[in-house]
Amino acid sequence: MITLYGIKNCDTIKKARRWLEAQGIDYRFHDYRVDGLDNTLLQSFISELGWEALLNTRGTTWRKLDESTRSQITDAASAAALMIEMPAIIKTPIALRAG
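Taking the numbering used here, the leading residue of the sequence shown gets 70, the next gets one more, and so forth.
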């Protein structure tokens, strides 16, 4: 079973969900806003992908941050703290297959 992580109203998530459904692939959707995002899960994403790859610096959430906040994101710890506080800043989708 695949778990798709993201935020329901994200266009890329919508496309990914449509594609999975069209292919007849069973999946579970984990919405960060509804289901939350714990630090353990986020750290596993960071270990696998790197914090730079996860941080969506092209999205609206990042652009709305003031320059002072943006300049404080310099390492995995500061990026993780921001991602826990604002999950919409995580690039999506992230898909994990169990097993």
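All C-beta atoms in this analysis are idealised placements derived from N, C-alpha and C, irrespective of residue type, glycine included.
No Cβ-Cβ contact shorter than 8 angstroms links Y101 with L73. Taking the Cα of M70 as reference, the smallest distance to any Cα among G93, I76, A122 and M155 is reached at G93.
Between I82 and F114, the C-beta gap is not smaller than 8 angstroms, which leaves the two residues out of contact. Beta-bridge partners of I159 (DSSP): L124. I159 is positioned such that its CB atom lies no closer than 8 angstroms to that of L110.
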